[in-house]
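K.L.:
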Amino acid sequence: MDSDSSGDIAFSKLNLLRRLLFGRPRVRSEEELQEVINASELEGIINEDEGEMLHSIFEFGETMVREIMVPRTDMVCCSTETTVSELLEAIIASGHSRIPIYQGTTDRIVGLVYAKDLLKYWGVTDEEVRVQSVIRTPFFVPETKKIEELLKEFRTRRVHMAIAIDEYGGTSGLVTIEDLLEEIVGDIKDEYDLEEEWITAEEEGWALVDCRLNIEDFAAHFEVSIPRERFDTVGGWLVDLLGRVPLQNEQLIANGLAVTVVECDERTLRKVRVRHLSENEEMES
Numbered sequence: 001m002d003s004d005s006s007g008d009i010a011f012s013k014l015n016l017l018r019r020l021l022f023g024r025p026r027v028r029s030e031e032e033l034q035e036v037i038n039a040s041e042l043e044g045i046i047n048e049d050e051g052e053m054l055h056s057i058f059e060f061g062e063t064m065v066r067e068i069m070v071p072r073t074d075m076v077c078c079s080t081e082t083t084v085s086e087l088l089e090a091i092i093a094s095g096h097s098r099i100p101i102y103q104g105t106t107d108r109i110v111g112l113v114y115a116k117d118l119l120k121y122w123g124v125t126d127e128e129v130r131v132q133s134v135i136r137t138p139f140f141v142p143e144t145k146k147i148e149e150l151l152k153e154f155r156t157r158r159v160h161m162a163i164a165i166d167e168y169g170g171t172s173g174l175v176t177i178e179d180l181l182e183e184i185v186g187d188i189k190d191e192y193d194l195e196e197e198w199i200t201a202e203e204e205g206w207a208l209v210d211c212r213l214n215i216e217d218f219a220a221h222f223e224v225s226i227p228r229e230r231f232d233t234v235g236g237w238l239v240d241l242l243g244r245v246p247l248q249n250e251q252l253i254a255n256g257l258a259v260t261v262v263e264c265d266e267r268t269l270r271k272v273r274v275r276h277l278s279e280n281e282e283m284e285s
């Protein structure tokens, strides 16, 4: 994504606002502006996608990095012991143009390697170049930073990726400028993106759910209310309910939903099956 993308989006939002506010009484509060956006959708002045983009602006300023970042367990990283040829293989396999480099464990990220920096070493033997010579300094941010502030820092520093850290200084995840812009305009797909099915419909009302799915998207899909507390994902919600990581094939009932664990290990939930309870089941529960 080029460095002008955020500016283009800002210009697009201004044009949308001008269109829907033209000829209307002065808007004096956020609530009034939200009402104008809803009315403009009904009147056909803007379409549904444009309305969602404008509504997302209000949430953008309150969203934290940890809510949208790629968690550490899903990061594609390489060790400082990795050879240049192995780095190139990781970049090609993942489709990422930047790879975090760790020393010892992924809890200690020491740098980033850019694909473009490796091009000049194409065909060079591993003995002729050290990985340390192509490592760039990483940009660290707290996982609690508001993404509106981070977007400004990305533009000021002219970088596109940050490593999120927790309160103890350990690696929490990573976030890119594309992640931030997707919060406004929705998913941005390019030719290297792999399709991810967060929710897959199955027979008899069941759905297979990726536990990395944002809890708000999950609640909206199943039309249930789940108060957000100490978690951001489906996996975090289920761990919070039980106080531990659920076991393989374990079944539980919560918020009018039946949940069965399909894929997990001792530390991480990966897949669950979910369906709405029937009226009889709800009465019995």
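In terms of the UniProt record's numbering, the sequence shown has 179 at position 179, counting the first letter as 1, and numbering is strictly consecutive. Don't be surprised by glycine CBs; every beta carbon is placed ideally from N, CA and C.
#1: Suppose the cutoff is 8 Å on Cβ atoms and the five residues either side in sequence are ignored; what does the same chain contact list for V259 look like?
#2: Closest to T156 by C-alpha separation, out of V262, F139, L257, would be which residue?
#3: Assign F218 to one of three DSSP states: helix, strand, or coil.
#4: Within this structure, are the beta carbons of A207 and I215 separated by less than 8 Å?
#5: For I188, I'd like the list of residues in its chain whose CB is within less than 8 Å of its CB, leaving aside the five on either flank, ordered along the chain.
#6: Please check the pair L213 and M69, which I expect to be a contact at CB under 8 Å, by giving their CB distance rounded to whole angstroms.
#7: If you count every other CB in all the chains shown that lies within 10 Å of the CB of L112, and 16 or more means buried, which is it?
#8: For the putative contact between I99 and V76, defined by C-beta atoms under 8 Å, what is the C-beta separation to the nearest angstrom?
#9: Which first and last residues belong to the alpha helix (DSSP H) in which T176 is found?
#10: Does the beta carbon of A258 sit closer than 8 Å to a beta carbon anywhere in chain B?
#11: Quick one: what does DSSP say R66 is sitting in, helix, strand or coil?
#12: As a quick exercise: from L118, E281, V141, T80, pick the residue whose alpha carbon is nearest that of residue 292.
#13: So, for F231: in the same chain, excluding its five sequence neighbours on each side, which residues have a beta-carbon less than 7 Å away from its beta-carbon?
#14: Taking the beta carbon of R108 as the centre, do at least 16 other beta carbons fall within 10 Å, making it buried, or is it exposed?
#15: Is it buried or exposed, I91, if we count other Cβ atoms within 10 angstroms and call 16 or more buried?
#16: Please name the residue, chosen from T106, S97, T137, that lies closest to P71 on a Cα-to-Cα basis.
#17: Below 8 Å CB to CB, which residues in the same chain sit around S94 once its five sequence neighbours on both sides are set aside?
#18: Give the list of continuous beta strand (DSSP E) stretches no shorter than 3 residues that lie fully inside the stretch 96 to 128.
#19: How would you write the range of the beta strand (DSSP E) that R155 sits in, first residue to last?
#20: Hey, would you say T233 sits closer than 8 Å to C211, going by beta carbons?
#21: Mind checking A220: buried by the 16 CB within 10 Å criterion, or exposed?
#22: Closest to D117 by CA distance: which of V110, L88, T144 is it?
#23: What are the start and end residues of the beta strand (DSSP E) that includes L257?
#24: Identify whether D232 lies in helix, strand or coil by the three-state DSSP scheme.
#25: With a cut-off of 8 Å on the beta carbons, I'd call M64 and K152 a contact; round off their distance for me.
#26: Got a sec, what are the start and stop residues for the alpha helix (DSSP H) L88 sits in?
#27: Going by C-alpha distance, which of H276, S278, N280, N249 is nearest L269?
#28: Between the beta-carbon of G256 and the beta-carbon of L242, is there less than 8 Å?
#29: Based on the DSSP secondary-structure assignment, which residues constitute the bridge partners of L213?
P.N.:
Working from what's here:
#1: L238, Q251, L252, I253, V272, R273, V274
#2: F139
#3: helix
#4: no
#5: Low confidence applies to I188: its pLDDT is 48, below 50, so where it sits in the model is not reliable, and the reading given next is rough at best. Contacts found: M1, E178, L181, E182.
#6: Actually they are not in contact, since the Cβ atoms of L213 and M69 sit about 14 Å apart, beyond 8 Å.
#7: buried
#8: 6 Å
#9: That residue, T176, is in no alpha helix (DSSP H); its beta strand (DSSP E) goes 171 to 176.
#10: Reference to chain B is not applicable here, since this structure consists of a single protein chain.
#11: helix
#12: Because the chain is modelled from 1 through 285, residue 292 falls outside the range shown and cannot be assessed.
#13: I215, W237, D240
#14: exposed
#15: buried
#16: T106
#17: V76
#18: 98 to 103, 105 to 114
#19: It is not in any beta strand (DSSP E) - R155 instead sits in the alpha helix (DSSP H) that spans 147 to 157.
#20: yes
#21: exposed
#22: L88
#23: 257 to 264
#24: coil
#25: Between K152 and M64 the Cβ distance is about 15 Å, and since that is not below 8 Å, they are no contact.
#26: 84 to 94
#27: N249
#28: no
#29: Looking at the DSSP assignment, L213 forms no beta bridge with any residue, so it has no partner.
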